[in-house]
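In terms of UniProt numbering, the sequence shown opens at residue 1 and continues consecutively.
Ideal Cβ placement from N, Cα and C applies to all residues, glycine included.
Here's the structure we're looking at; comments come further down.
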Amino acid sequence: LLKNASTSQTQSITTLYIISLVIAKAKKNLSEGEFVKHCTIQMTQMFGNKKLAMNFKNVYLSHETVTKHVSDLFESTEEIIIVGGVFSLALDKNTDINDKLLIFVHVISNRFEVCEELLRIVSLHRTTKGVDIFTALKEMMDGYGSFGKLSCVVTDGALAMCGHSDGFIDLYKRSGVDFVSFHCIIHQESLCRKILVLKEVMDTVVKITNLIRSNSRSLSHRTFVTFLEEVDAEYGDLLFHTKVHWMSRGKCLEYFFSLRKRNRNTLQNTLLPTRASLKMLIFLCDLTFLMDISQHMIWLNVQLQGREKKLFPNSSLLCKVFRAILKEVFTKKVSFKKYNKHIQLLIGKFKDQFMNFYEHFFNNPLYSAGVEYKPAVLQLELCELQADDFLKYNSNVRGIDFWTLLSKGKFPNLWKWTLKMCSMFGSMYICENMISTMKLMKSKKRNRLTDDNLQHLL
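In C-alpha cells, the structure reads:
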C-alpha cells in the first residue's frame, strides 16, 4: 500500500512539473493551471476512467504552486548553465520599456553540446549608462564565479555599450577581463544595406504605393485589389514601405515589380502624373537591379536569424551572397556597367563591417595557409593537424563537425580554441525574438509580473 502511495505521489509531482513547464513555455498565465486541471478531469470522466480522474484531482495546480515549480525548473536550468563550459554573453537594454537589462548566455560543453538561454533580467535604476551596466553585470557574475571561461560579449552597438571612454565594453576590459566583443552581425548587415540607395527609384515606388493605398483614394485601392483577384495575380495587393522594418524595402519592391503591369494598365486616371516613369526602360532596369539586390539581402538576413547559430558559418554566408551577385552580373547579356559602382560600394561596406569575422581557418583548417600568423601556442599543433592522416581522410567534413574529431589529449590548445570559437553568439537574434515574447506576456491583465517571475517564464 505504501509502495503504491509513493508511486502515485511521484507521478503527481512529475505531472505537476510537466504541466508547469508547458504553461511556462506557452507564455500563459500561471493561474491557468487550475483550468487545465479542470479540463483534464472532465475529459477522463467522459471517457469513463474514474480512477485516472481521481489521480488528476490529487495534482495541485494553484497559482502559487505553479509559480514555485517554474522557479525550481529555472534554477535547475541555471545550474546547468553555470556548471557548463566556455560561454559568451549577449546584452540588450532596449527590449523592455522599464529599463531592464536582458542577459543571454550561449554555453558549449566539453562534448560540444550547446545551451542558449536567458540568464538574468536586471532592473537598471535611475540611469542606463555604461557604468550602470558594468556594475549590474559584475554583481551578477560575482555570484556565479569568475569570467575565466567568457569568450565574447555581443551588444547592440549602443553608446552605453561601446563608448570609447565610459562604455560597458571598455570598462570591463580595463578591469582586466579578456574577451572578444562585437556588434550584432544582423545589425551590421542591416547597416550595410542602407548604403545601397537608388533614391529616385525608391521614391517613385513609394509614391505610387501610397497613392494606391492611401485612405483618401480608398476607391482606387478597392478597384485595384478587385482587379488583381480577377486576373489571379501572384500578389493580392501592394505593401507599404517603412524604414523601421529591415526587410520592408525588399518586400515592397518585390510586390511592386510583380504588379508593375497592373499598375500601368488599370490606374491610368489615378496615377497619371507618375505613370510615365513606369514606361521608362531606365527606371525598369534600376527597379530590377534594386529589387534583385534587396532579395539577396533578405535571404542573407533570414539565414542569419535563428537560435544557436555559429559565428563563423554565419560570416561565410556573406561570401556566398557576393558570389551569387557577381555571377548574375557577369552572366547576363544586359550591360550592368552603371551598377558596378553600387555593387563595389556594397562589397566595400561589408568588408569594412565584417573584416574581423572572416576566419577561413575555422571552416577549412587542413588547407588554410598562414599557420605562422596564428598564435604561437597553436602553431605546433596546427602543423600536426595538417599532417594527420586520419584528419586528412575526413577532409570533406567542415566546420564544427570537423573539430569534434580532434583528440583532446593530442591537440589540447586547439581543442580549447575550438570551444572558444564555437561558444560565440552567432547574432543577437535571441534578443530580438524576446521583444515579441515580452509583448505577448506583458499585458494589462498581467501587470504584476515581478522581475523573477518574468525571468522564469522567459
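Contact belief for residue i with residue j at Cβ below 8 Å, rounded distance in angstroms
i: Leu124; j: Leu101; result: 6 Å
i: Phe257; j: Leu287; result: 6 Å
i: Leu405; j: Leu391; result: 7 Å
9 Å Cβ cutoff met for residue i and residue j
i: Val70; j: Leu30; result: yes
i: Ala90; j: Val105; result: yes
i: Met297; j: Glu189; result: yes
i: Ile186; j: Asn301; result: yes
i: Phe411; j: Glu372; result: no
i: Leu138; j: Ser175; result: Reading the sequence as shown, one finds Lys at residue 138 and not Leu. Yes, the Cβ-Cβ distance between Lys138 and Ser175 is below 9 Å.
i: Ser88; j: Ser165; result: no
i: Met424; j: Val180; result: yes
i: Arg56; j: Thr15; result: Residue identity differs from the one stated: residue 56 is Phe in this sequence, not Arg. Cβ distance < 9 Å, so Phe56 and Thr15 count as in contact.
i: Thr155; j: Asp203; result: no
i: Ile103; j: Gly85; result: no
i: Ile13; j: Gly33; result: no
Best match in the options for proximity to residue i [C-alpha to C-alpha]
i: Leu253; options: Ile343, Cys39, Val201, Met424; result: Val201
i: Leu284; options: Leu198, Gln303, Lys173; result: Leu198
i: Asp178; options: Lys338, Gln386, Lys420, Asn433; result: Lys420
i: Glu381; options: Ser395, Asp352, Leu391, Leu414; result: Leu414
i: residue 491; options: Ala136, Phe390, Arg111; result: Because the chain here runs from 1 to 458, residue 491 falls outside it and cannot be looked at.
i: Asp292; options: Leu304, Gln305, His342, Gln303; result: His342
i: Leu61; options: Arg120, Val36, Val180; result: Val36
i: Ile430; options: Ala376, Ala160, Cys184, Lys28; result: Cys184
i: Leu191; options: Phe350, Leu378, Ile19; result: Phe350
i: Thr135; options: Ser151, Ala160, Leu118; result: Ala160
i: Val206; options: Lys251, Lys50, Asp142, Gly163; result: Lys251
i: Leu346; options: Asp203, Ser395, Ile195, Tyr17; result: Ile195
i: Gly157; options: Asp142, Lys173, Phe182, Met140; result: Phe182
i: Arg120; options: Met141, Ser109, Arg126, Val107; result: Met141
i: Pro365; options: Lys337, Phe402, Asp389; result: Phe402
i: Ile400; options: Val86, Lys50, Thr418; result: Thr418
Below-9 Å beta-carbon distance, residue i vs any chain B residue
i: Ile293; result: The chain inventory of the structure shown lacks chain B, comprising one protein chain alone.
Closer than 8 Å: residue i CB and nearest the ligand COA heavy atom
i: Phe104; result: The ligand COA is absent from the structure shown, which contains no ligand whatsoever.
(Q) Would the segment 156-175 count as touching the segment 128-137 if we require 3 or more Cβ pairs under 8 Å? (A) Segments in contact, yes.
(Q) Extract the residue ranges of the alpha helix (DSSP H) inside the segment 120-183, only unbroken runs of 4 or more that lie entirely within it. (A) Correct list: 130-144, 159-162, 168-174.
Q.
If contact is defined by three or more beta carbon pairs under 8 Å, each pair taking one atom from either stretch, is the segment 12-28 in contact with the segment 59-73?
A. Counting Cβ pairs under 8 Å, three or more are found: they touch.
Q.
My parser needs the alpha helix (DSSP H) runs of 4 or more residues fully inside the segment 16-91; what are they?
A. Inside the segment 16-91, DSSP marks whole alpha helix (DSSP H) runs of 4 or more residues at positions 33-46, 50-57, 63-83, from first to last along the chain.
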